[in-house]
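Numbering (our numbering), first residue to last: 2 to 293.
Glycine is no exception: its CB is placed at the ideal position from the N, C-alpha and C atoms.
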Ligand code: 3HC
């Protein structure tokens with residue numbers, strides 16, 4: 002089977018990036034957001050990212066225009082029922098994802114593949130709730146999606162070889178480098194990344210070093226593009242907290258447990274870059290590390 006039409010559920014940070022890369026690769030994309038306002042925000046996000054790609058000479062203005070033409074928007078989930086592949090990229094909430102999957106499973110033709118961009122929830126839980134578990138997979142992208150080369154392909158014990166081969170071909174057509182992971186929370190990247198970032202937060206809690214010292218050390222000492230605390234702000238403090246909770250629930254190992262500081266930051270609405278404050282304050286031209 003060959004994918005020609007793609008549906009994306011959610012046009013936030015990840016959904017907009019996924020829609021953009023699919024359109025840039027020539028796919029016909031239909032994106033669903035909950036209301037017109039969210040659609041507008043998603044459209045603006047995609048437009049700004051395509052503009053950046055033109056400025057950086059990654060694509061021509063004509064390619065930008067063609068990519069934008071390939072993306073249509075809707076507020077009705079039902080409209081995605083005619084797609085060959087639907088990628089869900091909504092909040093990390095199993096009940097909400099299950100609802101999306103069961104609606105699409107009811108309406109879509111038998112060949113439609115249902116994929117999830119979940120970073121940490123069990124793909125099998127979603128597969129078990131639909132009548133086509135052989136056509137369910139995890140397809141986990143990294144932020145910023147147009148820039149990060151990796152995509153994780155997650156097979157459950159029910160995913161068919163045909164579904165896997167089709168999604169693998171799709172991932173390669175997007176220009177991504179796929180790695181395959183079994184369905185265990187965190188897959189490959191977050192399995193290693195989450196304990197690393199949580200440990201950095203624990204060092205801040207203990208007063209081992211300041212926020213800026215920890216980030217500078219990891220950038221200059223290891224050549225990471227961002228220090229762990231900057232990265233946590235970038236991904237979102239709330240998202241990181243949620244991933245950590247889900248992974249702790251899965252493995253019951255202390256290294257995945259959210260540190261108290263992370264919980265308190267969520268309680269205070271310090272969500273990182275998107276809220277203007279996390280480990281850094283983003284009000285000015287340069288991020289300023291906060292006193293905690
Ligand atoms: N389209 C195409 N290319 C783009 C682009 C766009 N919209 N925007 C930027 N780029 C390109 C630039 O041209 C540049 O490419 P070049 O090196 O060939 O010139 C490259 O991307 C870097 O862009 P910038 O120079 O604008 O930005 P920086 O150099 O400051 O890098 C960053 C920004 C890419 C975000 C970098 O800091 C980085 O890699 N950070 C780490 C990000 C990371 O770890 N992401 C994973 C998070 S974990 C995750 O997502 C999983 C989840 O489950 C938690």
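Closer than 8 Å by C-beta to residue i: which residues in its own chain qualify, once you throw out the five before and the five after it? Chain order, please.
{"i": "residue 228", "result": "201, 215, 216, 217, 218, 219 and 220"}
{"i": "residue 74", "result": "12, 31, 32, 33, 34, 40, 43 and 44"}
{"i": "residue 226", "result": "220"}
{"i": "residue 189", "result": "153, 180 and 182"}
{"i": "residue 5", "result": "28, 29 and 85"}
{"i": "residue 79", "result": "104 and 108"}
{"i": "residue 69", "result": "24, 47, 48 and 51"}
{"i": "residue 173", "result": "179"}
{"i": "residue 191", "result": "120, 121, 244 and 248"}
Which of helix, strand or coil does DSSP assign to residue i?
{"i": "residue 116", "result": "strand"}
{"i": "residue 242", "result": "helix"}
{"i": "residue 219", "result": "helix"}
{"i": "residue 67", "result": "helix"}
{"i": "residue 165", "result": "helix"}
{"i": "residue 33", "result": "strand"}
{"i": "residue 89", "result": "strand"}
{"i": "residue 139", "result": "strand"}
{"i": "residue 134", "result": "helix"}
{"i": "residue 271", "result": "coil"}
{"i": "residue 254", "result": "coil"}
{"i": "residue 182", "result": "strand"}
{"i": "residue 224", "result": "coil"}
{"i": "residue 9", "result": "strand"}
{"i": "residue 229", "result": "helix"}
{"i": "residue 28", "result": "coil"}
{"i": "residue 155", "result": "strand"}
{"i": "residue 249", "result": "helix"}
{"i": "residue 264", "result": "helix"}
{"i": "residue 98", "result": "helix"}
Mind checking whether residue i and residue j have CB atoms under 9 Å apart?
{"i": "residue 203", "j": "residue 235", "result": "no"}
{"i": "residue 91", "j": "residue 186", "result": "no"}
{"i": "residue 213", "j": "residue 260", "result": "no"}
{"i": "residue 164", "j": "residue 136", "result": "yes"}
{"i": "residue 10", "j": "residue 124", "result": "no"}
{"i": "residue 198", "j": "residue 241", "result": "yes"}
{"i": "residue 134", "j": "residue 157", "result": "yes"}
{"i": "residue 181", "j": "residue 154", "result": "yes"}
{"i": "residue 83", "j": "residue 110", "result": "yes"}
{"i": "residue 280", "j": "residue 231", "result": "yes"}
{"i": "residue 25", "j": "residue 179", "result": "no"}
{"i": "residue 101", "j": "residue 89", "result": "yes"}
{"i": "residue 272", "j": "residue 244", "result": "no"}
{"i": "residue 277", "j": "residue 144", "result": "no"}
{"i": "residue 256", "j": "residue 196", "result": "yes"}
{"i": "residue 130", "j": "residue 99", "result": "yes"}
Please work out which residues of its chain come closer than 6 Å, Cβ to Cβ, to residue i, disregarding the five sequence neighbours upstream and downstream, and give them in chain order.
{"i": "residue 54", "result": "60"}
{"i": "residue 28", "result": "7"}
{"i": "residue 233", "result": "198 and 241"}
{"i": "residue 258", "result": "249"}
Decide if residue i is buried, meaning its Cβ has at least 16 other Cβ atoms within 10 Å, or exposed.
{"i": "residue 177", "result": "buried"}
{"i": "residue 139", "result": "buried"}
{"i": "residue 287", "result": "exposed"}
{"i": "residue 66", "result": "exposed"}
{"i": "residue 205", "result": "buried"}
{"i": "residue 106", "result": "buried"}
{"i": "residue 223", "result": "exposed"}
{"i": "residue 160", "result": "buried"}
{"i": "residue 21", "result": "buried"}
{"i": "residue 36", "result": "exposed"}
{"i": "residue 193", "result": "exposed"}
{"i": "residue 269", "result": "exposed"}
{"i": "residue 184", "result": "buried"}
{"i": "residue 76", "result": "exposed"}
{"i": "residue 128", "result": "buried"}
{"i": "residue 285", "result": "exposed"}
{"i": "residue 16", "result": "buried"}
{"i": "residue 71", "result": "buried"}
Tell me which same chain residues have a C-beta within less than 7 Å of the C-beta of residue i, skipping the five on either side of it?
{"i": "residue 150", "result": "177 and 178"}
{"i": "residue 169", "result": "154 and 179"}
{"i": "residue 95", "result": "122 and 126"}
{"i": "residue 264", "result": "242"}
{"i": "residue 2", "result": "112, 163 and 167"}
{"i": "residue 175", "result": "22, 23 and 26"}
Fill in: 4-residue-minimum alpha helix (DSSP H) runs that sit fully inside the region 39-86, ordered along the chain
62-71
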